[in-house]
Amino acid sequence: MVGIFFVVDNILLIHQCSLDEAEKYGDFLNYPKSHMEIWDRYYYSKYKVDFDYYPRGRVIYNIVENTYYIYYDKCLEKIIKRLNIVHENENKKYLHDFHYKCSKCNKHYAE
Ligand SMILES: [Zn+2]
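The working numbering puts the last residue of the sequence shown at 976; the count rises by one with no breaks.
In C-alpha cells form, the structure reads like this:
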C-alpha cells in the first residue's frame, strides 16, 4: 500500500491504495491524491484548521528497489516507527521531507 497520512494528537489518519491503484512516477508508485484534497474532504469540518497544521507524511514505493519510502515531518521522529505505517515484513526507509512541516515546525506558518 502507498498513501498519505496525518498525525493528530498521536493518532494516525492514513489514506492508502494498493500498488495496483497507485500512480507511476519514474521508478515510484505514488498515492494519487494530495494532502489538501484528503484533508478538505474528510477532516477540515472536524478540525477547522488547514491541511498543513498537523504533522503529515507520505508513503511511496520504489519499484526497482522493492522498498517503501516513508517521508515524514521531523517532529514525528520519536513515534514514526511505532506507527507501523508499512508492514514489518516489507523493505522500508524513513526519510525527512522538508515539504512536510506542520504549524509547529514551520516558523513561517500563518494561523
Ligand atoms: Zn512538525
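From the three backbone atoms N, C-alpha and C, an ideal C-beta is built for every residue, glycine too.
Quick caveat, the model's predicted, so the values are computed rather than measured.
Requested in this report: Answer yes if the stretch 939-949 comes into contact with the stretch 960-975, meaning at least three C-beta pairs across the two stretches below 8 Å, and no otherwise.
Outcome: yes
Query raised in the report: So, C882 versus P920, is the Cβ gap smaller than 8 Å?
Result: Locating residue 882 in the sequence shown gives position 17, where the first residue counts as 1. Locating residue 920 in the sequence shown gives position 55, where the first residue counts as 1. Their beta carbons are not under 8 Å apart, which means C882 does not touch P920 by this criterion.
Query - Inter-residue CB distance, Y909 and I869 (contact presumed, cutoff 8 Å) - result: Taking the sequence shown and counting its residues from 1, one reaches residue 909 at position 44. Taking the sequence shown and counting its residues from 1, one reaches residue 869 at position 4. Contact flag wrong, Cβ pair sits at about 15 Å.
Requested in this report: Reducing DSSP to helix, strand and coil, say where K889 ends up.
Outcome: Numbered from 1 along the sequence shown, position 24 holds the residue referred to as residue 889. DSSP places K889 in strand when its eight states are reduced to three.
Query raised in the report: Where does the unbroken alpha helix (DSSP H) through H900 begin, and where does it stop?
Result: For this step, residue 900 is matched to residue 35 along the sequence shown. Counting along the chain, the alpha helix (DSSP H) containing H900 begins and ends at 900-903.
Report task. Could you please give me the residues that DSSP links to Y937 through a beta bridge? Result -> The residue labelled residue 937 in the question sits at position 72 within the sequence shown. Per DSSP, G922, H961.
Query raised in the report: Using the C-alpha atoms, what's the distance from V872 back to M866?
Result: If you number the sequence shown from 1, residue 866 lands on position 1. If you number the sequence shown from 1, residue 872 lands on position 7. The alpha-carbon atoms of M866 and V872 are separated by roughly 18 Å.
Requested in this report: Would you list the residues sitting across from F871 in a DSSP beta bridge?
Outcome: Taking the first residue of the sequence shown as 1, we reach residue 871 at position 6. Answer is L878, R921.
Query raised in the report: Relative to the alpha-carbon of S899, which residue among H952, V924, K957 has its alpha-carbon at the smallest distance?
Result: Working through the sequence shown from its first residue, we reach residue 899 at position 34. For S899, the nearest C-alpha among the options comes from V924.
Requested in this report: Would you grab the beta carbon distance between K957 and I935 for me? Rounded to a whole angstrom, and I think it's under 8 Å.
Outcome: The count along the sequence shown starts at 1 and reaches residue 957 at position 92. The count along the sequence shown starts at 1 and reaches residue 935 at position 70. With 8 Å as the limit, K957 and I935 qualify as a contact, their Cβ atoms being about 6 Å apart.
**Report entry** Among E888, R947, Y907, the one whose alpha carbon lies nearest that of N875
**Finding:** Here the question's residue 875 lines up with position 10 in the sequence shown. If we check each option's Cα against that of N875, R947 comes out closest.
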